[in-house]
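If you count the sequence shown from 1, you need to add 175 to reach the working numbering. Cβ coordinates follow ideal geometry from the N, Cα and C atoms, glycine included. The block underneath contains the structure these notes are about, expressed in structure tokens.
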Amino acid sequence: MSETKDNRFASGVNAIMAVVFILNLIFSHEDNIIMIALTGGGRLVDILSATNASVYSGFQVHRLITYGYLQPAIGHLLANVYALWYVGLYLEKALGLTRLFVIYHVGLIVPCAAFLFIFPNGVMYGASPAIFCCLGLMAMWLIKDRNLISKYRSLRGFRYLLCYMIISNFLGIGTFVVHFLGFLVGLMLGIFVNGSRYQHSEE
């Protein structure tokens, strides 16, 4: 079975993020799309991103999800695409498609809602809170079963995910806080959610 068939969730989410990235450039054609692609911004940021005003004052609660599919800069997109791909290779087998879908979106909604309450002037976009939620879930599994460390080390992308977890937290205090919130949500979910269907089996 191909990796794509084993990783349907990450394949679907990554495809949506790529399409949104391209649409953002198309809709922003009157601006400098090269700078937008490199540094972020664009017309879809105003439509899909989450802010305190849009969520808490405007009651546009859908933005607690749509922001996670918006990666306006190419570096941002690629970093999250690779991280989600490697996380999905393990978690879709461990959890199944439905439970991974739910956990991922809880990892978008809860950290974003908390972040916008703490930082009312913040603007949220990007999939990293949900990815950190998935990593937090795996971390709790490791706390509960230390034998999983050998399993994790053998995973494709283990070193990339390790670098992703470290480097992405040096992008500012706001980024660090929302990543921490996502990781914390994942830790709490990991207390109650088990992945025994795949965790202890061979690749």
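Under the three-state reduction of DSSP output, A248 falls in the coil class, being neither helix nor strand. Under DSSP, V353 shares a beta bridge with no residue. Within the segment 204-270, the complete alpha helix (DSSP H) segments of 4 residues or longer fall at 208-214, 218-223, 238-241 and 249-270, listed in chain order. Secondary structure at V194: helix, using DSSP grouped into helix, strand and coil. Residue nearest to L323 within the set G216, H354 and G370 is G370 (criterion: CA-CA distance). DSSP places R274 in the uninterrupted alpha helix (DSSP H) bounded by L272 to I293. In this structure, the alpha-carbon of L253 lies about 14 angstroms from that of G243.
One thing to note: I293 has its Cβ within 8 angstroms of the Cβ of V352. Residue pairing by DSSP places V298 opposite T226 in a beta bridge.
Within its own chain, the residues whose Cβ lies closer than 8 angstroms to the Cβ of D181, once the five positions on either side in sequence are excluded, are L264, E267 and K268, listed in chain order. Excluding sequence positions up to five before and after Y279, its CB lies within less than 6 angstroms of the CB of A305, all in the same chain and listed in chain order.
In this structure A302 is in contact with M192, their Cβ atoms being roughly 7 angstroms apart against a cut-off of 8 angstroms.
In the pairwise beta carbon analysis, the segment 315-332 is classified as not touching the segment 272-287: fewer than three pairs are separated by under 8 angstroms. In the three-state scheme derived from DSSP, where H, G and I count as helix and E and B as strand, S343 is classed as helix. Judged by DSSP secondary structure, S303 falls within the alpha helix (DSSP H) whose first and last residues are S303 to K319. The Cβ neighbour count for N207, taken over all protein chains shown within 10 Å, is under 16; the residue is labelled exposed.
Annotation: the continuous alpha helix (DSSP H) that includes L323 extends over L323 to R328.
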